[in-house]
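Reading through the structure tokens given below for one structure.
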Amino acid sequence: MKTWKCVICNFVYHEVDGLPSDGIPPGTRWDDVPASWECPDCGAGKDDFEMVEI
Amino acid sequence: MVTPPSALVIIGSGLAGYTLAREFRKLDEQAPLTIISSDDGSFYSKPMLSNALSKGKEIAQLITSSADEMREKLNATIMSHTSVLAIDTKAHVVSTTHGDIKYQSLLLATGAIPFRPPMTGDAVDEVLSINNLDDYARFRERLEEAQRVAIIGPGLIGCEFANDMLNIGKGVTIIGPDPYPISGLLPTVVGRVLKSALSAQGLALHLGTTATAVDNNGAGYRITLDNGSEITANLVISAVGLRPNIALADAAGIEVNRGIVTDQYLQTSASDVYALGDCAEVNGLNLLFVAPLMAGARALAKTLSGETTAVEYPAMPVVIKTPTCPLVVSPPPRDTEGEWRYEGKAPNITARFSDTSGTLLGFALSGDAVAEKQALTATLPPVLTHLSGKN
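Sequences listed follow chains A and B, in order. Residues in the first sequence are numbered consecutively from 0, following numbering that gives the first Met the number 0. Residues in the second sequence are numbered consecutively from 0, following numbering that gives the first Met the number 0.
Below is the structure:
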């Protein structure tokens with residue numbers, strides 16, 4: 000499972016945790032996060048995330 | 000010193016300048032790129048300034064990349080602590096405190112500057128505005144000693160900061176002429192939900208009045224309101240609004256209005272000069288949010304790489320960072336006739352704005368209703384479509 004980070008505000012999305020508050024269940028792969036989803040902290044789009052190794 | 004000519008010169012290292020640089024580099028890895036910054040050129044998360052306390056972030060943690068890291072990531076020349084003195088749009092030259100730079104294309108990403116309400120008193124100069132990392136560092140230092148904070152301006156930024164400080168146990172008072180908080184964006188019922196939620200958390204509100212004077216008062220400040228009352232605080236913050244920073248463009252003879260006037264390609268009245276972000280007025284729209292800036296940067300990066308691309312804005316709801324009362328708003332276009340209708344029970348309100356023909360043009364959501372954001376956004380018309388507006 001991978002981790003993705005918003006390049007604008009550093010919000011981190013962990014595939015293993017998902018984001019239940021946005022309706023994204025734990026274990027959701029980045030590819031399966033809806034294209035219209037936006038960073039909950041700053042509103043940046045999915046394109047503005049990059050994969051990070053943690 | 001005369002720097003060799005740059006294909007692209009960017010004035011400003013905020014979110015607009017660096018986002019365009021990043022998008023441009025995705026399409027063109029080699030063209031010489033120069034970024035001029037009046038500060039140290041580090042890239043920081045501006046949207047996080049108003050929720051860093053709740054998230055337990057120190058200043059250093061807000062900096063994503065230093066200027067050196069940005070230089071490497073972007074394969075760019077970054078001129079930090081450099082001020083632009085003038086732009087010669089005919090000769091395509093920018094004069095700076097560190098020499099002249101010739102450009103092929105120039106981006107103005109000069110942002111916005113806080114404006115201050117007219118006030119008197121011997122402590123007016125000690126009122127803080129927070130619009131960049133240096134301001135924010137000063138604020139954090141002063142906040143250590145302050146137990147009671149007064150915020151002048153009950154708008155989006157004022158309320159976000161208020162909520163952030165309430166969350167760490169500060170006493171906060173907010174002052175402004177508005178009938179309810181964030182009245183510039185929120186419809187009445189949703190604004191009142193926010194007001195109740197923040198009041199319940201301890202926020203003191205002085206609405207329908209303005210601060211007229213700030214004076215020293217022993218350990219802190221005395222703020223005089225035009226309704227005659229006085230309040231005291233150890234720290235006073237002004238958050239009444241931002242004005243596009245147009246001075247440089249104006250001095251260079253580039254057309255300005257509220258912001259730097261651009262067409263749908265972000266081109267200003269001067270050839271090869273573009274504007275993006277808070278400083279830009281794109282087809283009459285000056286939107287000081289992240290989403291329009293991102294849309295603009297993507298289109299402009301293509302244009303600058305040879306594929307002329309107009310900016311299009313989809314509906315772009317704004318998430319307001321008041322965790323005590325989660326809010327999302329997509330305000331209807333200015334001067335639209337129509338009506339707000341409300342559903343739900345406080346604090347969970349869905350407000351829809353429709354025009355006289357029943358078309359949905361805006362919405363505002365509070366509490367649990369924010370979950371409807373994506374569904375409602377999908378039904379809104381775009382804000383700016385290809386070659387709409389005055390072209």
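Glycine residues also receive a C-beta, built at the ideal position from the N, C-alpha and C atoms.
- Residue 341 of chain B has B:350 as its beta-bridge partners, per DSSP.
- For residue 107 of chain B, the enclosing beta strand (DSSP E) has its first and last residue at 98 to 107.
- In the three-state reduction of the DSSP assignment, residue 115 of chain B falls in the coil class.
- When beta bridges are read from the DSSP output, residue 214 of chain B appears opposite B:221.
- Listed by position along chain A, the residues whose Cβ is nearer than 8 Å to that of residue 302 of chain B form an empty set, because the closest Cβ is around 18 Å away.
- Between residue 91 of chain B and the set B:106, B:381, B:153, the nearest pair of CA atoms involves B:106.
- Taking C-beta atoms under 8 Å as the contact rule, residue 79 of chain B and residue 36 of chain B qualify, at a distance of about 5 Å.
- Judged by DSSP in its simplified three-state form, residue 9 of chain B adopts strand.
- The beta carbon of residue 36 of chain A sits closer than 9 Å to some beta carbon of chain B.
- Between residue 46 of chain B and residue 23 of chain A, the gap from beta carbon to beta carbon reaches 9 Å or more.
- Under the three-state reduction of DSSP, residue 266 of chain B is assigned to strand.
- In terms of Cβ geometry, residue 328 of chain B and residue 132 of chain B do not form a close pair [threshold 9 Å].
- DSSP, reduced to helix, strand and coil, places residue 43 of chain A outside both helices and strands of the structure shown, so it counts as coil.
- Ranked by Cα distance from residue 188 of chain B, the first of B:345, B:29, B:20, B:110 is B:345.
- Using a CB distance below 7 Å, the part of the segment 36 to 65 of chain B facing chain A consists of 44, 46, 47, 63, ordered along the chain.
- Within the segment 288 to 314 of chain B, those residues whose Cβ lies closer than 7 Å to any Cβ of chain A are, in chain order, 289, 290, 293.
- In this structure, residue 59 of chain B keeps its C-beta atom at 9 Å or more from the C-beta atom of residue 20 of chain B.
- If you ignore the 5 residues before and after residue 36 of chain A, its C-beta comes within less than 6 Å of the C-beta of 45, all in its own chain and listed in chain order.
- Ranked by how close their Cα comes to the Cα of residue 30 of chain A, the residues A:14, A:9, A:18 have A:14 in first place.
- Residue 349 of chain B has a beta carbon lying at 9 Å or more from every beta carbon in chain A.
- Contact of residue 23 of chain A with chain B is not assigned, every C-beta pair being separated by 9 Å or more.
- Comparing alpha-carbon positions, the option among B:180, B:206, B:211 lying closest to residue 196 of chain B turns out to be B:180.
- The bridge partners DSSP lists for residue 281 of chain B are B:261, B:284.
- CA-CA distance, residue 19 of chain A to residue 371 of chain B, rounds to 14 Å.
- Burial state of residue 83 of chain B is buried, judged by a 10 Å Cβ sphere holding 16 or more other Cβ atoms.
- In this structure residue 232 of chain B is in contact with residue 219 of chain B, their Cβ atoms being roughly 6 Å apart against a cut-off of 8 Å.
- Beta-carbon to beta-carbon, residue 352 of chain B and residue 360 of chain B are separated by about 5 Å, close enough to satisfy the 8 Å threshold.
- Residue 333 of chain B and residue 32 of chain A have their alpha carbons spaced roughly 33 Å apart.
- Flagged as an interface residue toward chain A: residue 21 of chain B, by a C-beta distance shorter than 9 Å.
- By the CB criterion at 9 Å, residue 205 of chain B and residue 236 of chain B fall outside the cutoff.
- Annotation for residue 244 of chain B: 109, 110, 111, 112, 278 place their beta carbon closer than 7 Å to its own, counting only its chain and skipping 5 residues before and after.
- Using a CB distance cut-off of 9 Å, residue 14 of chain B counts as an interface residue toward chain A.
- For residue 9 of chain B, the closest alpha carbon among the candidates B:26, B:262, B:32 is that of B:32.
- Not a single CB atom of chain A sits nearer than 9 Å to the CB of residue 119 of chain B.
- Under a criterion of Cβ atoms nearer than 9 Å, the residues of chain B adjacent to residue 40 of chain A are, in order, 44, 46, 47, 50, 54, 318, 320.
- Below the 8 Å Cβ cutoff, chain B contributes 293 as neighbours of residue 47 of chain A, in chain order.
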